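Colleague:
Numbering (our numbering), first residue to last: 84 to 221.
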């Protein structure tokens with residue numbers, strides 16, 4: 084992803100339900116840092132995006148989102164697999180994330196990609212929804 088993609092990604096994110104609300108300014112800040120990796124999937128327009136924060140030898144999956152019209156077409160899987168490939172080249176050996184306990188689709192997706200549930204953060208999202216902690220060795 085480049086700074087030129089920030090507007091398109093932030094527009095796509097504005098139309099997607101995510102627990103994390105990333106702005107154009109956030110994207111610009113992430114791009115200026117060496118400890119973040121941002122990937123996008125494109126097909127004439129932004130189909131999806133993924134953001135990792137590196138904490139070697141671990142990384143956190145901060146956000147993954149797919150445009151509604153591209154869902155159920157393997158975009159999230161491709162982004163995650165490519166992201167994991169890049170993380171390995173940087174010496175990352177473990178990936179972790181938080182997901183809303185109510186987001187069963189995401190929890191199922193992560194489970195099919197070898198993530199295991201490791202814990203719970205009470206009232207993590209808006210002081211009303213718990214976060215499930217998940218991780219996997221990569």
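Cβ coordinates follow ideal geometry from the N, Cα and C atoms, glycine included. Predicted model only: the values in this text are computed from it and were never measured.
So within the segment 111 to 157, which uninterrupted beta strand (DSSP E) runs reach at least 3 residues, ignoring any that extend past its ends?
Modeller: Counting whole runs of 3 or more residues, the segment 111 to 157 contains the beta strand (DSSP E) stretches 119 to 125, 129 to 138, 141 to 149.
Colleague: If we ignore side chains and look at the alpha-carbon of each, how far apart do residue 203 and residue 142 end up?
Modeller: Taking the chain shown and counting its residues from 1, one reaches residue 203 at position 120. Taking the chain shown and counting its residues from 1, one reaches residue 142 at position 59. Between residue 203 and residue 142, the C-alpha separation is close to 18 Å.
Colleague: Considering Cα atoms alone, identify which of 177, 168, 159, 170 is closest to residue 195.
Modeller: Numbered from 1 along the chain shown, position 112 holds the residue referred to as residue 195. Of 177, 168, 159, 170, the residue nearest in Cα terms is 159.
Colleague: Taking only runs of the beta strand (DSSP E) that begin and end inside the segment 167 to 218, which ones reach a length of at least 3 residues, in chain order?
Modeller: For the segment 167 to 218, whole beta strand (DSSP E) runs of length 3 or above, ordered along the chain, are 177 to 183, 199 to 208.
Colleague: Can you tell me the Cα-Cα spacing of residue 129 and residue 179, whole angstroms?
Modeller: Sequence index remark: in the chain shown, residue 129 carries index 46 (1-based). Sequence index remark: in the chain shown, residue 179 carries index 96 (1-based). Straight-line Cα distance between these residues: approximately 25 Å.
Colleague: Using C-beta distances below 7 Å, list every residue in its chain close to residue 183, excluding the 5 sequence neighbours before and after it, in chain order.
Modeller: As a first step, residue 183 must be located in the chain shown, where it is residue number 100. Contacts found: 102, 208, 212, 214.
Colleague: Rank 172, 125, 150, 155 by C-alpha distance to the C-alpha of residue 139 and give the top, closest one.
Modeller: As a first step, residue 139 must be located in the chain shown, where it is residue number 56. Nearest C-alpha to residue 139: 172.
Colleague: Taking all protein chains shown into account, do 16 or more other C-beta atoms lie within 10 angstroms of the C-beta of residue 166, making it buried, or fewer, making it exposed?
Modeller: Position 83 of the chain shown, counted from the first residue, corresponds to residue 166. Result: buried.
Colleague: To the nearest angstrom, report how far apart residue 156 and residue 131 are at their CA atoms.
Modeller: Walking along the chain shown from the start, residue 156 turns up at place 73. Walking along the chain shown from the start, residue 131 turns up at place 48. C-alpha of residue 156 to C-alpha of residue 131: approximately 11 Å in a straight line.
Colleague: Does the Cβ-Cβ distance between residue 133 and residue 144 come in under 9 Å?
Modeller: Residue mapping note: residue 133 aligns to position 50 of the chain shown, counting from 1. Residue mapping note: residue 144 aligns to position 61 of the chain shown, counting from 1. Contact: yes.
Colleague: So residue 163 packs on residue 120, CB below 8 Å; how close in whole Å?
Modeller: Taking the chain shown and counting its residues from 1, one reaches residue 163 at position 80. Taking the chain shown and counting its residues from 1, one reaches residue 120 at position 37. Between residue 120 and residue 163 the Cβ distance is about 12 Å, and since that is not below 8 Å, they are no contact.
Colleague: Taking residue 217 as the reference, give the member of 111, 175, 191 with the closest Cα.
Modeller: Taking the first residue of the chain shown as position 1, residue 217 is located at position 134. Per the Cα distances, 191.
Colleague: Does residue 147 pass the burial test, meaning 16 or more other C-beta atoms within 10 Å, or should it be called exposed?
Modeller: Here the question's residue 147 lines up with position 64 in the chain shown. It counts as buried.
Colleague: Does the Cβ of residue 108 have 16 or more other Cβ atoms within 10 Å, making it buried, or fewer, making it exposed?
Modeller: Here the question's residue 108 lines up with position 25 in the chain shown. Exposed: under 16 other Cβ atoms inside 10 Å.
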